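Colleague: Residue numbering for the sequence shown follows this note's numbering, starting at 1177 and increasing by one per position.
For glycine and all other residues, C-beta sits at the position ideal for the given N, C-alpha and C.
Note that the coordinates shown come from a computational prediction; the quantities given were computed from them, not determined experimentally.
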Amino acid sequence: MTGLADCNNFFVSCERSLDPSLEGIPVVVLSNNDGCAIARSNEAKRLGIKMGQPAFELRSLIASGKLTALSGNHLLYRDISLKVHSIFRRFVPAAIDYSVDESFLDFSGIPDDVLPSIAEGIRRTCLEELRIPVTIGIAATKTLAKICTHSCKHRGEGVGVLTDRKEIESELNGLAINELWGIGRRLTRRLTSEGVYSIGDFYRRPLIWVRSTLGVNGERSWRELHGESCIELNHVDRAIQNSVSESRTFPFDTDSYDYIRARIAIYTADCARKLRAMNGLTRQLTVYLASNRFHTENGYYAPSAGMRFERPTSDTTLLVSTAIECLRGIITPGLGYKRAGVILSDIIPAGPVTPSLFDELPDPADIRRAGTDRKRAEALDKAIDRINRDIGAPRLRLASQLTPGHPGHNDGYSSSFQAPSRR
Ligand SMILES: [Mg+2]
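(1) Going straight from the alpha carbon of HIS1411 to that of MET1454, what length do you get?
(2) Using C-beta distances below 8 Å, list every residue in its chain close to SER1374, excluding the 5 sequence neighbours before and after it, in chain order.
(3) Considering only the alpha carbon of each residue, which of ASN1208, SER1467 and LEU1234 lies closest to ASN1249?
(4) Can you confirm whether GLU1333, when its beta carbon is compared against all beta carbons of chain C, has any partner nearer than 8 Å?
(5) Comparing alpha-carbon positions, which option in LYS1450, VAL1260, GLU1408 and PRO1309 lies nearest ILE1523?
(6) Quick test of the definition: if touching needs 3 or more C-beta pairs under 8 Å, does the segment 1308-1320 touch the segment 1179-1188?
(7) Output needed for LEU1243: all residues of its chain with C-beta closer than 7 Å, excluding positions within five of it in sequence on either side, in chain order.
(8) Cβ of VAL1386 within 8 Å of Cβ of GLY1394?
(9) Please name the residue, chosen from GLY1228, ARG1573, ARG1341 and ASP1277, that lies closest to SER1257 on a Cα-to-Cα basis.
(10) If contacts are defined as beta-carbon pairs under 8 Å, then LYS1259 and LEU1306 qualify, I think. What distance do you get, rounded to the angstrom?
(11) Heavy atom of ligand 1 less than 7 Å from the Cβ of PHE1186, yes or no?
(12) Cβ-heavy atom distance between GLU1278 and ligand 1 below 7 Å?
(13) Expressed to the nearest angstrom, what Euclidean distance is found between the alpha-carbon atoms of ARG1552 and ILE1407?
(14) Does DSSP classify SER1279 as helix, strand or coil?
(15) Among ASP1491, GLY1510 and ALA1516, which has the Cα closest to the Cα of LEU1503?
(16) Here's a check: name, in chain order, each residue in its chain whose Cβ is nearer than 6 Å to the Cβ of ALA1245, leaving out the five neighbours to either side.
(17) Ends of the beta strand (DSSP E) at PHE1186?
(18) Three or more C-beta pairs closer than 8 Å, one from the segment 1424-1433 and one from the segment 1559-1566: is that the case here?
(19) On the premise that ALA1295 lies in contact with ASP1282, defined as a C-beta separation below 8 Å, what is that separation, rounded to the nearest angstrom?
(20) Per DSSP, what kind of secondary structure is PRO1427 in: helix, strand or coil?
(21) DSSP three-state label for SER1240, please.
(22) With a 10 Å radius around its C-beta and 16 neighbouring C-beta atoms as the bar for buried, classify GLY1391 as buried or exposed.
(23) Taking just the CA atoms, how far does ARG1573 sit from ARG1192?
(24) Can you tell me which of PHE1470, MET1177 and GLU1501 puts its alpha carbon nearest to the alpha carbon of TYR1513?
(25) State the beta-bridge partners of PRO1525 as determined by DSSP.
(26) Between the C-alpha atoms of PHE1186 and LYS1342, what's the straight-line distance to the nearest angstrom?
(27) Suppose you measure from the CA of ILE1214 to the CA of SER1388; what does that come to, to the nearest Å?
(28) May I ask you to report which of helix, strand or coil DSSP gives GLU1219?
(29) Who are the Cβ neighbours of GLU1422 in its own chain at under 7 Å, not counting the five residues just before and after it?
(30) Between the beta-carbon of PRO1479 and the beta-carbon of ILE1436, is there less than 8 Å?
(31) Hey, quick one: how far does the alpha helix (DSSP H) through GLU1347 stretch, first residue to last?
(32) Under 7 Å: does the beta carbon of ASP1182 sit that close to some heavy atom of ligand 1?
(33) Use the C-beta contact count for GLU1199: other C-beta atoms within 10 angstroms, 16 or more gives buried, fewer gives exposed.
(34) Give the secondary structure of PRO1292 by DSSP, where H, G and I count as helix, E and B as strand, and everything else as coil.
(35) To which residues of the same chain is PHE1264 closer than 7 Å at the C-beta, ignoring the five residues directly before and after it?
Structure follows, in structure tokens:
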């Protein structure tokens, strides 16, 4: 049996754990630069606020006091996320952290009849120690556990078990096909054009049809719905980190855009390498700068900017160009900077299921082409990683990582560039 533990409205719950006055009222957490809603309390959902709804559409609700909007505090969320995941590990032999607020719980070796009470224990502990509400669904496979957690949340239950055949089928009949884990927008369109509207419809199609229509990913989902566990996330057994970051203090204050841009490119490429080494994909990139705390003529300033990826990635080229775009938005000409950094967060395992692979691709020919492009980018990144590992220093890099000016400067990266083994 597998469990899926999922924190309810995670960012909002984190804010409530600090400030109980937010309890019971409509609350949203906004994305970087307060662009749109990225988390909603149940009360905010009931007001009809959508995930990703732009903040300007919420202005009148906020002004009239009907809705409380908060800027995201991602360091807090990360901290609580680590604590939540460590509580999970107190109760089960192994847990796979799937995202910042979700873990698959491995119940192998534990008798089925005690699973609900273990899940209750996890839930109670998270509430008592962290004031974070968690929902746990238990089923034979990861896909069914996800469905179970989903329906528990709808019913307002904390823990659920989904094993009864009839119950599974009636549950699946009530869920639209796009709710199925691993089925993106394009695939949904494909399936609805074939008359498959609910997960139940999909469940009842013969396997041979599923295989020929959707290929191996569809087959996997179908088998999982029928109770056969085949989505393995085991290759990320060593706990996947929630974020990787790289930052340095410069040996001098600098206002050189070219210099800072090259530093950001280097830090980003290094983060991307670490991300690939743990077989992860990131959904969020953040760039930040800071001035010198001791040079106060302009005051202390520490701007930051972030970008979300609809499709999780570990592609160095994409990450570096995104980071440079973020940097352009926050750097002010003429101001000196002393420190810069890059954070990749919201990391998920690069598993067999990549839901958004299908999201933006118009037709099968494009899917194949995008797959090829992606494979090429992956192969390039892998080759660069291997060559640099063999050399023992990151000497093969993107042109954007070349640092202009400031000769003799050493921030820990430059030295490894300058003293490679002879090859
Ligand atoms: Mg959640």
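Modeller: For this structure:
(1) Within the sequence shown, numbered from 1, the residue matching residue 1411 stands at position 235. Within the sequence shown, numbered from 1, the residue matching residue 1454 stands at position 278. Its pLDDT being 39, under 50, HIS1411 is placed unreliably in this model, and the value from its coordinates should be taken loosely. Their Cα atoms are separated by approximately 9 Å.
(2) Numbered from its first residue, the sequence shown carries residue 1374 at position 198. Excluding sequence neighbours, SER1374 sits near LEU1348, ASN1349, GLY1350, LEU1351, ALA1352 and ILE1353.
(3) Start at 1 with the first residue of the sequence shown, and residue 1249 comes out as number 73. For ASN1249, the nearest C-alpha among the options comes from ASN1208.
(4) The chain inventory of the structure shown lacks chain C, comprising one protein chain alone.
(5) As a working mapping, residue 1523 is identified with position 347 in the sequence shown. The option with the nearest alpha carbon to ILE1523 is LYS1450.
(6) yes
(7) Stepping through the sequence shown from its first residue, residue 1243 is reached at position 67. So the list reads PRO1202, VAL1204, ALA1220, LEU1223, LEU1234 and LEU1237, once near-sequence residues are dropped.
(8) The residue labelled residue 1386 in the question sits at position 210 within the sequence shown. The residue labelled residue 1394 in the question sits at position 218 within the sequence shown. Contact: yes.
(9) By one-based count along the sequence shown, residue 1257 stands at place 81. Among GLY1228, ARG1573, ARG1341 and ASP1277, the Cα nearest to that of SER1257 belongs to ASP1277.
(10) Against the sequence shown, residue 1259 aligns to sequence position 83. Against the sequence shown, residue 1306 aligns to sequence position 130. LYS1259 to LEU1306, Cβ: 6 Å. Contact.
(11) The residue labelled residue 1186 in the question sits at position 10 within the sequence shown. Because some heavy atom of ligand 1 lies under 7 Å away, the Cβ of PHE1186 counts as near it: yes.
(12) On the sequence shown, residue 1278 is found 102 positions in, with the first residue counted as 1. GLU1278: yes, Cβ under 7 Å from ligand 1.
(13) By one-based count along the sequence shown, residue 1552 stands at place 376. By one-based count along the sequence shown, residue 1407 stands at place 231. Approximately 25 Å between the Cα atoms of the pair.
(14) Here residue 1279 refers to the residue found at position 103 when the sequence shown is read from its first residue. In the structure shown, SER1279 sits in a strand (DSSP, three-state: E or B).
(15) Along the sequence shown, one-based indexing puts residue 1503 at 327. Answer by Cα proximity: ALA1516.
(16) Working through the sequence shown from its first residue, we reach residue 1245 at position 69. The answer, listed in chain order, is VAL1204, LEU1206 and ILE1238.
(17) Position 10 of the sequence shown, counted from the first residue, corresponds to residue 1186. Run containing PHE1186: none in the beta strand (DSSP E); it sits in the alpha helix (DSSP H), 1186-1194.
(18) no
(19) Stepping through the sequence shown from its first residue, residue 1282 is reached at position 106. Stepping through the sequence shown from its first residue, residue 1295 is reached at position 119. That belief does not hold up - the Cβ atoms of ASP1282 and ALA1295 are roughly 13 Å apart, past 8 Å.
(20) As a position in the sequence shown, residue 1427 is number 251, starting the count at 1. Here PRO1427 sits in strand by DSSP.
(21) Counting from 1 along the sequence shown, the entry for residue 1240 is found at position 64. Reduced to three states, the DSSP call for SER1240 is coil.
(22) In the sequence shown, residue 1391 corresponds to position 215, counting from 1. Exposed, since its Cβ has fewer than 16 Cβ neighbours within 10 Å.
(23) For the purposes of this step, residue 1192 is taken as the residue at position 16 of the sequence shown. For the purposes of this step, residue 1573 is taken as the residue at position 397 of the sequence shown. Going from the Cα of ARG1192 to the Cα of ARG1573 covers about 44 Å.
(24) Within the sequence shown, the letter at position 337 stands for residue 1513. Per the Cα distances, PHE1470.
(25) Translated into positions along the sequence shown, residue 1525 becomes position 349. According to DSSP, PRO1525 bridges with GLY1456.
(26) Locating residue 1186 in the sequence shown gives position 10, counting from the first residue. Locating residue 1342 in the sequence shown gives position 166, counting from the first residue. Between PHE1186 and LYS1342, the C-alpha separation is close to 32 Å.
(27) The residue given as residue 1214 occupies position 38 in the sequence shown. The residue given as residue 1388 occupies position 212 in the sequence shown. The alpha-carbon atoms of ILE1214 and SER1388 are separated by roughly 37 Å.
(28) Counting from 1 along the sequence shown, the entry for residue 1219 is found at position 43. GLU1219 falls in the helix class under three-state DSSP.
(29) Residue mapping note: residue 1422 aligns to position 246 of the sequence shown, counting from 1. These residues qualify, in order along the chain: TYR1443, ASP1446, CYS1447, GLY1517 and VAL1518.
(30) Here residue 1479 is taken as the residue at index 303 of the sequence shown, counted from 1. Here residue 1436 is taken as the residue at index 260 of the sequence shown, counted from 1. Cβ distance not < 8 Å, so PRO1479 and ILE1436 don't count as in contact.
(31) For the purposes of this step, residue 1347 is taken as the residue at position 171 of the sequence shown. Here the alpha helix (DSSP H) through GLU1347 covers 1341-1349.
(32) Position 6 of the sequence shown, counted from the start, is the residue given in the question as residue 1182. It does: the Cβ of ASP1182 is within 7 Å (strictly closer) of some heavy atom of ligand 1.
(33) Position 23 of the sequence shown, counting from 1, holds the residue named residue 1199. By the 10 Å Cβ count, GLU1199 comes out exposed.
(34) Residue numbering aside, residue 1292 sits at position 116 when the sequence shown is read from its first letter. Note: PRO1292 maps to helix in three-state DSSP.
(35) To locate residue 1264, count along the sequence shown from 1; it is residue 88. Answer for PHE1264: ALA1181, ALA1271, SER1279, LEU1281 and ILE1298, listed in chain order.
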